[in-house]
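Step one of this worksheet: look at the structure below.
There are 2 protein chains.
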Amino acid sequence: NLPKATSVSVYFAVMIVVHNDVQHDCYCFSDFYMRIFYSLLMSSQVVGSTSNPQVSGEGLYFCDGQRKVDYVLDRLSISTEPADHEMHLIRQEFEANLIEAGLEIERDRELKAHGPSFTRLHAPWPVLCREAEFLKIKVPTKTVRSQCITVGCNISLWRKLNQPFQPKVSHQDHGRTKFLSHYTHKLTHSFLNTHCHAFISVEMTHCCLCLKVLHEEWAKYSAFYKYQPIDLVRKYFGEKIGLYFAWLGVYTQLLIPASIVGIIVFGYGVATVDTNIPSLEMCDERLNFTMCPLCDGACDFWHLSTACGTARASHLFDNPATVFFAIFMSLWAVLFLEHWKRRQISLSFSWDLTGIEEDEVNPELSKHSGTLTNVQTSTHKTWQKNTSEKLSIFLQTICVRVGKTVLSSEKKLTWKDRLPGYFINVSSILFMFGLTFSAVFGVIIYRITVSALMAMSPDPETKSNVRVTVTATAVIINLVVILILDEIYGAVALWLTELEIPKTETNFEERLILKAFLLKFMNAYAPIFYVAFFKGRFAGRPGNYVYVFNDYRMEECAPGGCLIELCIQLSIIMLGKQLIQNNIFEIGIPKLKKLVRALKEKESAQTEKEEERPPQQWNLDYALAPFEGLTPEYMEMIIQFGFVSLFVASFPLAPLFALLNNVIEIRLDAKKFVTELRRPVAVRAKDIGIWYNILSGMGKFSVIINAFVISFTSDFIPRLVYQYMYSQTGTMHGFIDHTLSYFNVSNFKPGTAPHNSEHGDITVCRYKDYREPPWSADAYHFSKQYWCVLAARLAFVILFQNLVMFLSLVVAWVIPDIPKTIVEQLKREKKLLVDVFLQEEKDKFQLIQSLFAKDANLQPSSHMLHVEKQ
Amino acid sequence: NLPKATSVSVYFAVMIVVHNDVQHDCYCFSDFYMRIFYSLLMSSQVVGSTSNPQVSGEGLYFCDGQRKVDYVLDRLSISTEPADHEMHLIRQEFEANLIEAGLEIERDRELKAHGPSFTRLHAPWPVLCREAEFLKIKVPTKTVRSQCITVGCNISLWRKLNQPFQPKVSHQDHGRTKFLSHYTHKLTHSFLNTHCHAFISVEMTHCCLCLKVLHEEWAKYSAFYKYQPIDLVRKYFGEKIGLYFAWLGVYTQLLIPASIVGIIVFGYGVATVDTNIPSLEMCDERLNFTMCPLCDGACDFWHLSTACGTARASHLFDNPATVFFAIFMSLWAVLFLEHWKRRQISLSFSWDLTGIEEDEVNPELSKHSGTLTNVQTSTHKTWQKNTSEKLSIFLQTICVRVGKTVLSSEKKLTWKDRLPGYFINVSSILFMFGLTFSAVFGVIIYRITVSALMAMSPDPETKSNVRVTVTATAVIINLVVILILDEIYGAVALWLTELEIPKTETNFEERLILKAFLLKFMNAYAPIFYVAFFKGRFAGRPGNYVYVFNDYRMEECAPGGCLIELCIQLSIIMLGKQLIQNNIFEIGIPKLKKLVRALKEKESAQTEKEEERPPQQWNLDYALAPFEGLTPEYMEMIIQFGFVSLFVASFPLAPLFALLNNVIEIRLDAKKFVTELRRPVAVRAKDIGIWYNILSGMGKFSVIINAFVISFTSDFIPRLVYQYMYSQTGTMHGFIDHTLSYFNVSNFKPGTAPHNSEHGDITVCRYKDYREPPWSADAYHFSKQYWCVLAARLAFVILFQNLVMFLSLVVAWVIPDIPKTIVEQLKREKKLLVDVFLQEEKDKFQLIQSLFAKDANLQPSSHMLHVEKQ
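Taken in sequence, the protein lines are chains A and B. Each residue of the first sequence is one higher than the last, beginning at 1 in the UniProt record's numbering. Each residue of the second sequence is one higher than the last, beginning at 1 in the UniProt record's numbering.
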């Protein structure tokens, strides 16, 4: 009952991979070679031996029906390319090299002129064992039944309660048994060979039907409430993807408490809205505040009570509980990072990754293999040399055409070579920032002009809906701009990183991520930052407004305060981005691409008419989309993390929306990986790399942003100041009056006063600011209250920032990075390993001695000396 | 020409060490045993073999003249103790165990009733080799001539310039040759034995006359300008002490640029003092500001120009360059920490400490030895069991007397057992904080009362010197209090930590350090914090002063601003503390102690009259003071680091004074270690432990403190605000007038106006504050300027803190933690090691095979199977 596409159990790699690497100034056959083998080794733990009938699909064997297909290389037959001959040469060299490394190869018998043609690889067992040694894969050496790894799992009640959330994974001892493992590297040969067999026989009991389980217990929306079978994910997709899903799981799990607290805070706002004095005062028609007009000429004076709705809405998000929530969320972010650190260490322990250093692009590795198989290495080298020369010629011929400078691996890039790249980089990024800002500014202009035009319209209905219409359309424009620029920026970041010619692939990835993050972050948050910190602050005051293009007044915030606008902006962008990205970019476009691919294939099949045989599994798998890295997935989540942490003070429901999104996101991604993508090559990874730094940086940034949102965007501080410094009664009564300054209508500049006012003879109107009244000596200057409130706001920022930073330090210090159970486990393992080694050594030594004794009886001399000389 | 005391080449340890450990809830023969052996192993690298005539002193051999004395145990003959019998039993067990571990023992033949008697240990070579294996000491396996380790050392000009600063260390290849090393642990036996010999022969060429070189090139004031021979220090004293001196060296070195910049900043102040408008205005008698009296009744009105001196002095420290200097020093602190991190890693690489995990109190280690010598282990265990029972009885009998609860190692301490300890801890620390604060408050009261009394005195000379006399005496009282409390707090911290019964010695040390640091930090800085942030802020205003004890007005800052007072306070406490601590505590008291010890010994010698033989070396060494840990040394430096970083904005010369002190401090400490102390046991350490965290915490704290000092203590912000917001001309002219408020003399409370004024008919006097004038509606309330300046101050704090934090992050991110050369070196080493191992394995495998082949020819069966079964 498995759908056909799920049997994506062979790895795909396109030959062009090798070329990409050359472009990045490093030529890595060894790197590519390492990857193949790592995938194969991971796979051998999963798919197991050929004797298992349940996994052996139809097309998974060589023609002889004996040797399993472990890896499929896609030989693109680029007959239209000019350098076809070089390509052919390279491919031949490459395949020859694979054969010499011990792999067995099967090519498609008929060579098609168009369409894909495949080279299938089979890795015999001894070859895998040998490579495991040099890839430092730890293999189980001895079974040690460990005590509980997860905290509290020995409390049976907890386990019982947790039961329904656990995925049904067949092996009952999942997560309970830990094999004592060690690098095969360090093991002696006899030892390795013995244990290599033990290793397969042990692992086999675990992992039959891995894909089926993943499909049923993981990649299903109905499993949304369950934990993910992370160990299985890792086994099937490798550590890098496993870590992504583990991270996503931890993040989603920790969003639950944040959402609950967010709902409570929102609930508090809802519950107190009817007893809140400032909003009551705003709605009170008896107070009768006549406000100055919102635009020049066309607009009339208005009563503050007409803005009652926004005032009430504002209170939902702008209440004292928000301050508490902002502190809570800052600590939550720290807690999340600490928790993830622990989880990561637990995982790397149970996945036997402890002690691995990331020797990316490790030329020594291939040299190590060399110490064993000297012939092979020398071939490597000549091959490398030959091919790299050819390649560089080949690539130069190609790339000169497209205007790229490609350098061969022999030549070291100097500072001068790199300078133009860096220069283009910096200037492009600045240009992109400019683009983002102009987009934001464009929307502002749109808002200003449209609202001015609508205000001038004679239709009273148009007039009354100005704010709603303009805000809604502007936010939607913003959203669309963000989505479009997002895609552009992704491409630009890739292009820029390629220009830099980074040395290694990890390096490449890190630079790409940093650039893409910077650009996309700016893109997503620039309009929000504008609303939070700049909107309405440069509008001027009645009689002295600030104008853009000499005609249009700068926009002001809604009478209820800027926070409610921030809240609307935030929620629409966040929800819109998530919905559109999930639906269109993650479901729609892949489906479309698949359709296009299918159509194309059909066409080519029709023209060639040679599709007689039933399609092999690799043909079916080839029809799937290739895996394009985890960067977009992470990026989406990190930007979301920004919504949850950066401006959470203005929108307590953000965690809830993020949670809802993520519950779907996990299964959506799972579905994609299981059914829509070619099986990605397994990549070893110890941690989530630079993403952790980005997360931690955002966590730190969020503290200061939230401090500013609370103190400058919300009305929290003015209320506090009023209550404790100016209020006569010690209550909030009179607050609204206190926040409104007076303006003498006669001070309007000519032509800016309302043309035809319905409000009779008004001499003084009010506006929201702390300024001296017209009858004061320095009329319309900032009043003492203004400076007092400003000082209070700034003091709050300092207090909040330092308090939260201090608490974060305490939280990070209290929670140990490595879980206690793991520390003990590690110690125990180390001790056991030492015992095993010592025993091993001792046995061997005894053996040698006994042999010597025997030998000496017969002919006492030579070997004894030999040993001593060592 | 070496003084006698310098031949402290044997290690001392007092039996009581074992007891101390029991008191800390862990019973560690193995720990003690480990320490002895580690010292011996380090020593064996230094003192070398017995064949070296230059180091063999008179009393350094057993009676047979053959076996070298490696370690001397002090058998305190406590005949007066009640539990003498138990003590004797324990000692016997202990020594028996040492013999069983393979050490050879010689006791003093005659047992003295009083005075020390010694047990001398000799460790035979095979025993040392065995232990080296289990202590995971890396031994050189192969000589690899490495390229330069230190950066830039291949630039010959640099080397030439640097030459005079290099200590003359005999081995010319010092620091250039690095031996390829690896844990003996991982090596096979035959391998170990071969290389162990290689190891001594190699090391021997290095390290003859180690102590002599240290004495001549290190522990001398005349060598103050030279680098320290850190490698030699480490060889002779072990890593822990080596790291301390290395750290001190790095710190002192980095103080040089800080001092230079500090001097420049101070020089800027000196150069601009005559053109500085505010201080010129203050000194200008024509401006004629009549100030309100400084005390009630007795004091008269006064002219601001009389405070000209402090105004000019104030400018030296309170000028725009200070802001730059504060930013510079914050970054300097980050740079220092990063630099130290790199140095630490370089050292741990060249000392072969990479990859060592600190398994403190590692019972597994003794078990590992157990796998080899089973008999020994079982003895260990029975011994451990027996002795610990006896010990617990013994200690209970002793400790019940002194009121301590001692728990045997068998019993696990529960939460309940620890609670009282924690409770006493928290309450004591709070009490000590209270004590510190009351001391500070006491000095304030002293200042207030004495200045009030002196102001009332009829003698005009007394009156004119009030401020100088009071300030000077108060600071000296402060200093004395600090020095006394410092000693008390040290003892209290020790007592409190013992109450907590920490599990391991590292744990013990960390807790002790944290507590001692907290207390001493509070103690040293409380008066400074008071002056910086509280003094003069609660003094009230004319007509409404704040009184203490109903009679005395709270003190105000000097007219030149609080910064100059802070500066005086800081410099006197810093200099006084350093001078007194160096002279009295580090030179005086040890000398006194020595004298007392010598006198006592003479006395006992006179009474016993058995001192016929010339004293042995160990008798001489015993006369030296025991080594009491590095904590006081570090603590002194950390508190100094606080002076350099925390309040550097107010005293730019602090780095210079610290530098001068440290140049002496290094040689002083060196002298102490070489000539005044018994040779401490070598302790392995990878880093400086918790001190790094304390340093980094202080660095972070210093940012916010400096921000507040600049914005609130100095007049920087008011000057800026005046210049850009209030000044009519855009210059500083009129600033002094602007900072002074008006007071109507008729508003003085009855009896507080000057009794007999010389100033005729004054109606209005001035005071330094931003308040409304008497003719305003809300007279004497804070004016708009006050709030404006406050807002500016707070904004500056936010700006400064975030800017510096951001720059610090950038600095820490730009400087890689591990120097590039070390990374490459490590990679190369790893590769070479792998080669060595593989070769080793291969050879052995071939040997076995060849032996098998031979064996099989004779009798084909048994062994083959044996190998396969492994």
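Where is the CB? At the ideal position from N, CA and C, for every residue including glycine.
- At the C-beta level, Val-450 (chain A) and Asn-478 (chain A) stay beyond 8 Å of one another.
- Close CB contacts of Gln-801 (chain A) within its chain, under the 7 Å cut and outside five residues either way in sequence, are with Val-703, Ile-704 and Ala-707 (chain order).
- Going by C-alpha positions, Val-683 (chain A) is about 15 Å away from Ile-230 (chain A).
- The three-state secondary structure of Arg-553 (chain A), taken from DSSP, is strand.
- Setting aside the 5 residues that flank it on each side, Val-466 (chain B) is surrounded in the same chain by Ser-451, Met-454 and Ala-455, each with a C-beta closer than 7 Å to its C-beta; the list follows chain order.
- Here the alpha carbon of Ala-654 (chain A) sits roughly 32 Å from the alpha carbon of Asp-284 (chain A).
- Here the segment 654 to 670 of chain B makes contact with the segment 579 to 591 of chain B; the two share three or more CB pairs at distances below 8 Å.
- For Asn-478 (chain A), the enclosing alpha helix (DSSP H) stretches over residues 466 to 500.
- Contact between Ala-271 (chain B) and Ala-649 (chain B) is absent: CB atoms are separated by about 19 Å, not below the 8 Å threshold.
- Short of 7 Å from the beta carbon of His-738 (chain B), and not among the five residues preceding or following it, lie these beta carbons of its own chain, in chain order: Tyr-722 and Tyr-726.
- Pairing Gly-751 (chain A) with Leu-740 (chain A), the inter-Cα distance amounts to about 24 Å.
- Burial state of Lys-341 (chain B) is buried, judged by a 10 Å Cβ sphere holding 16 or more other Cβ atoms.
- A straight line joining the alpha-carbon of Asn-747 (chain B) with that of Met-732 (chain A) spans about 34 Å.
- When only Cα atoms are considered, Val-663 (chain B) and Asp-843 (chain A) end up about 57 Å apart.
- At least one CB of chain A lies nearer than 8 Å to the CB of Ile-704 (chain B).
- Proximity to Glu-556 (chain A) across A:Asp-769, A:Asn-523, A:Gln-640 and A:Ile-638 peaks at A:Asp-769, based on C-alpha coordinates.
- Per DSSP, Arg-342 (chain B) is not a residue of any beta strand (DSSP E); the alpha helix (DSSP H) it occupies stretches across 320 to 350.
- Residues of the segment 795 to 827 of chain B with a Cβ closer than 8 Å to any Cβ of chain A, in chain order: Ala-795, Val-797, Ile-798, Gln-801, Asn-802 and Lys-827.
- Boundaries of the alpha helix (DSSP H) around Lys-700 (chain B): 690 to 708.
- For Leu-677 (chain A), the three-state secondary structure derived from DSSP is strand.
- The C-alpha of Ala-223 (chain B) is placed about 9 Å away from the C-alpha of Phe-165 (chain B).
- Rounded to the nearest whole angstrom, the C-alpha separation of Arg-719 (chain A) and Val-531 (chain A) is 21 Å.
- Burial is judged here by how many other beta carbons sit within 10 angstroms of a residue's own beta carbon; Pro-652 (chain B) has at least 16 and is buried.
- Contact annotation for Lys-784 (chain B) against chain A: Lys-784 and Trp-787 [CB-CB distance below 7 Å, chain order].
- Listed along chain B, the residues sitting closer than 8 Å to Ile-848 (chain A) by beta-carbon distance are Lys-844, Leu-847, Ile-848 and Leu-851.
- Only exposed fits Glu-603 (chain B), as fewer than 16 other CB atoms lie within 10 angstroms of its CB.
- Counting along the chain, Ile-572 (chain B) sits inside the alpha helix (DSSP H) bounded by residues 562 to 580.
- Within chain A, no C-beta atom comes nearer than 7 Å to that of Leu-353 (chain B); the closest sits roughly 17 Å away.
- Restricting attention to B:Lys-535, B:Ala-472 and B:Val-233, the CA atom closest to the CA of Met-554 (chain B) is found in B:Lys-535.
- In this structure Arg-447 (chain A) is buried. Its beta-carbon is surrounded by 16 or more other beta-carbon atoms within 10 angstroms.
- Only exposed fits Asp-817 (chain B), as fewer than 16 other CB atoms lie within 10 angstroms of its CB.
- Of the residues assessed, Glu-628 (chain A) falls on the exposed side of the cut-off, its CB having fewer than 16 other CB atoms within 10 angstroms.
- If you look at Phe-743 (chain B), you'll find it isn't in any alpha helix (DSSP H); it sits in the beta strand (DSSP E) that goes 740 to 744.
- Setting aside the 5 residues that flank it on each side, Phe-336 (chain B) is surrounded in the same chain by Leu-254, each with a C-beta closer than 6 Å to its C-beta; the list follows chain order.
- Using a CB distance cut-off of 8 Å, Leu-790 (chain A) counts as an interface residue toward chain B.
- DSSP, reduced to helix, strand and coil, places Cys-308 (chain A) within a helical segment of the structure shown.
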